[in-house]
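**Student:**
There are 2 protein chains.
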Amino acid sequence: MDRLFHALADTTRRDILRRCVRGELSVSRLAEAYPMSFAAVQKHVTVLERAGLVTKRRRGREQLVRTDPDAVDGARRALDELETAWRARVDRMSGLLADDPGTGPGTDPGAGPGTRETTEGQDR
Amino acid sequence: MDRLFHALADTTRRDILRRCVRGELSVSRLAEAYPMSFAAVQKHVTVLERAGLVTKRRRGREQLVRTDPDAVDGARRALDELETAWRARVDRMSGLLADDPGTGPGTDPGAGPGTRETTEGQDR
DNA sequence: TCCATCTACAACCATTTGGTTGTACGTTAA
DNA sequence: TTAACGTACAACCAAATGGTTGTAGATGGA
Numbered sequence: 002m003d004r005l006f007h008a009l010a011d012t013t014r015r016d017i018l019r020r021c022v023r024g025e026l027s028v029s030r031l032a033e034a035y036p037m038s039f040a041a042v043q044k045h046v047t048v049l050e051r052a053g054l055v056t057k058r059r060r061g062r063e064q065l066v067r068t069d070p071d072a073v074d075g076a077r078r079a080l081d082e083l084e085t086a087w088r089a090r091v092d093r094m095s096g097l098l099a100d101d102p103g104t105g106p107g108t109d110p111g112a113g114p115g116t117r118e119t120t121e122g123q124d125r
Numbered sequence: 002m003d004r005l006f007h008a009l010a011d012t013t014r015r016d017i018l019r020r021c022v023r024g025e026l027s028v029s030r031l032a033e034a035y036p037m038s039f040a041a042v043q044k045h046v047t048v049l050e051r052a053g054l055v056t057k058r059r060r061g062r063e064q065l066v067r068t069d070p071d072a073v074d075g076a077r078r079a080l081d082e083l084e085t086a087w088r089a090r091v092d093r094m095s096g097l098l099a100d101d102p103g104t105g106p107g108t109d110p111g112a113g114p115g116t117r118e119t120t121e122g123q124d125r
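Residue numbers (this note's numbering), protein chains in the order written: chain Y, 2 to 125; chain U, 2 to 125.
As structure tokens, then:
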């Protein structure tokens, strides 16, 4: 996960992903598109590869780069979880406001720092 | 975007996001949950804040942290675009496979988007 | 063969990152 | 007021990042 998001946290690398989604490209062809050395682009591709975001395939002396949609989907899925959790929280909150005056739900967020009345929504 | 994905590229920060999705937490309470100093957690929160992933709200001497679902959605949406582009490519490719008997590998990696014979051997 | 191309990798450098400690300041409670 | 709590911020440090150049190994074509 760390490697995945780290790989996405760079404009050049995201651009490489976009280019290699449209079709395989050799590292040299990719390097021509950026104002940096071949070695730098090579490193970016390595970062993407170690994150599982792209795969490489040999063709003669070239190395063709292609982005792996499954890995992209993995990142998307992780963010979906966050959103879902947030929505569940809002739903629970709405339910409480509409129905229950003060019963705390079983959901205990942390172990130690209890204080289960974590000031939900109460703007002050 | 760089800041957004960079903020997500750390286990501690993603955990902070998950905790603060379930309800607001002060920085001190957050810090209790991790084996690092208060200042370190404070820095993580700052990174999340500058990426727009969380917002802070004062309550007396505390600073309550809460994750902003809109920003999370922004990241998810960006990844969706990548996936969509990939799917469009596959559709185009499938169409060609169904239609074209077996064109010789002209293999002109020119400027990409115009060339319709992208990546002759996709799965080999 | 010889040469150009494509790739891999090491060494190096400046900057950033993730962590620490220490200090200072505002707020709450005794 | 004084003490404890929560926060902010600076200074510092080791390690990782993003970039460079240089060298060397394969591969393809004349």
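Each residue gets a CB set at the ideal place from its N, CA and C atoms; glycine is no exception.
Give me the Cα-Cα distance between residue 12(Y) and residue 18(Y), rounded to the nearest whole angstrom.
**Tutor:** Looking up residue 12(Y) in the first sequence gives position 11. Looking up residue 18(Y) in the first sequence gives position 17. The straight-line gap from Cα to Cα measures roughly 10 Å.
**Student:** Starting from residue 59(Y) and walking both ways along the beta strand (DSSP E), at which residues does that stretch end?
**Tutor:** Your numbering for residue 59(Y) matches position 58 in the first sequence. It spans 55 to 60 - the beta strand (DSSP E) in which residue 59(Y) sits, taken as one unbroken run.
**Student:** If I measure Cβ to Cβ from residue 45(U) and keep anything under 8 Å in the same chain, skipping five residues before and after, which residues do I get?
**Tutor:** The count along the second sequence starts at 1 and reaches residue 45(U) at position 44. 11, 13, 14 and 17, listed in sequence order.
**Student:** To which residues of the same chain is residue 51(Y) closer than 7 Å at the C-beta, ignoring the five residues directly before and after it?
**Tutor:** Working through the first sequence from its first residue, we reach residue 51(Y) at position 50. Hits under 7 Å: 4.
**Student:** What are the residues of the segment 3 to 25 of chain Y that lie near chain U, defined by any Cβ-Cβ distance shorter than 9 Å?
**Tutor:** Against chain U - using a Cβ distance shorter than 9 Å - the residues of the segment 3 to 25 of chain Y are 3, 4, 5, 6, 7, 8, 9, 10, 11, 12, 15, 18, 19, 20, 22, 23, 24 and 25.
**Student:** Using a Cβ distance threshold of 8 Å, determine whether the segment 70 to 79 of chain U contacts the segment 24 to 36 of chain U, with at least three qualifying pairs required.
**Tutor:** Too few Cβ pairs lie closer than 8 Å, so no.
**Student:** Measure from the alpha carbon of residue 67(U) to the alpha carbon of each residue in 85(U), 80(U) and 47(U), then state which is nearest.
**Tutor:** As a position in the second sequence, residue 67(U) is number 66, starting the count at 1. Taking only the C-alpha atoms, the option nearest residue 67(U) is 47(U).
**Student:** Suppose the cutoff is 8 Å on Cβ atoms and the five residues either side in sequence are ignored; what does the same chain contact list for residue 20(U) look like?
**Tutor:** Working through the second sequence from its first residue, we reach residue 20(U) at position 19. Only 26, 31 and 34 meet the Cβ criterion.
**Student:** Using three-state DSSP, classify residue 27(Y) as helix, strand or coil.
**Tutor:** Your numbering for residue 27(Y) matches position 26 in the first sequence. Strand at residue 27(Y).
**Student:** Applying the 10 Å Cβ sphere with the 16-neighbour rule, what's the burial state of residue 39(U)?
**Tutor:** Here the question's residue 39(U) lines up with position 38 in the second sequence. Residue 39(U) should be labelled exposed.
**Student:** Determine whether the beta carbon atoms of residue 49(Y) and residue 42(Y) lie at a separation below 7 Å.
**Tutor:** In the first sequence, counting from the first residue as 1, residue 49(Y) sits at position 48. In the first sequence, counting from the first residue as 1, residue 42(Y) sits at position 41. No, they are not a contact pair.
**Student:** When DSSP builds the beta bridges, which residues end up paired with residue 65(U)?
**Tutor:** Walking along the second sequence from the start, residue 65(U) turns up at place 64. In the DSSP output, where bridge partners are listed per residue, residue 65(U) has 27(U) and 58(U).
**Student:** Let me make sure I understand the geometry here. Which of 85(Y), 81(Y) and 62(Y) has the alpha-carbon closest to that of residue 28(Y)?
**Tutor:** Against the first sequence, residue 28(Y) aligns to sequence position 27. It is 62(Y).
**Student:** DSSP three-state call for residue 11(U): helix, strand or coil?
**Tutor:** Here residue 11(U) corresponds to residue number 10 of the second sequence, with the count starting at 1. Three-state DSSP puts residue 11(U) in coil, outside helix and strand.
**Student:** Taking the Cβ atom as the reference point for each residue, do residue 6(Y) and residue 9(U) lie within a distance shorter than 7 Å?
**Tutor:** As a first step, residue 6(Y) is located in the first sequence; it is residue number 5 there, counting from the start. As a first step, residue 9(U) is located in the second sequence; it is residue number 8 there, counting from the start. Cβ distance < 7 Å, so residue 6(Y) and residue 9(U) count as in contact.
**Student:** Taking C-beta pairs closer than 8 Å, name the residues in chain Y that residue 41(U) reaches, listed in chain order.
**Tutor:** What you label residue 41(U) is simply residue 40 of the second sequence in a count that begins at 1. Those do not exist, as residue 41(U) stays about 16 Å from chain Y at its closest Cβ, beyond 8 Å.
**Student:** Residues in the same chain with beta-carbon distance under 7 Å from residue 64(U), minus the five sequence neighbours each way, listed in chain order, please.
**Tutor:** On the second sequence, position 63 is the one that residue 64(U) refers to. 27, 28 and 57, listed in sequence order.
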